[in-house]
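In what follows, a single structure is set out as structure tokens and then discussed.
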Amino acid sequence: MAITQNYGTGRRKSSVARVFLRKGSGKITVNDRPLDEFFGRETARMIVRQPLELTQNTETFDILVTTTGGGTTGQAGAIRLGIARALVEYDETLKIELRKAGFMTRDAREVERKKVGLHKARRATQFSKR
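Oh and the sequence shown: position 94 is 94 in my numbering, straight run, nothing missing.
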């Protein structure tokens, strides 16, 4: 018998997360490591759990995540979006609740590119009057 699972892709900054939702006991595995081991900061762990807590599904699913690129904050945001999308694939009625909380929206903020003649994206050389 095939295992029924739901899939969601999440992206944030340069991070990409592939999220698989399966019926289970609430275990979250990120890149073959438990969530608490993968993310050192409590903030990142909270971000990942938000959609599950909102929909009261913390103990309902086992979540398997593979994530690449970016840093911890970007990966946590990508996983959150992936979980939200997978939950909607599982149950369409959750979409309204997740959308209202802002978990269905892809955070479009990206790093601004460095321009020629400037130190950084917007930082110019110090102005000298003389």
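In this text, a Cβ means the ideal position worked out from N, Cα and C, and glycines have one as well.
Taken through DSSP and simplified to helix, strand or coil, leucine 118 comes out as coil. Between leucine 35 and valine 48, the beta carbon gap of about 6 Å places them in contact (Cβ cut-off 8 Å). Selection Thr67, Arg113, Gln50 and Gly117 evaluated against glutamate 97 yields Gln50 as nearest (Cα-Cα).
Judged by beta-carbon spacing, asparagine 31 lies within the 9 Å limit of phenylalanine 38, meaning their Cβ atoms are closer than that value. Look at threonine 73 here: in three-state DSSP terms it is helix.
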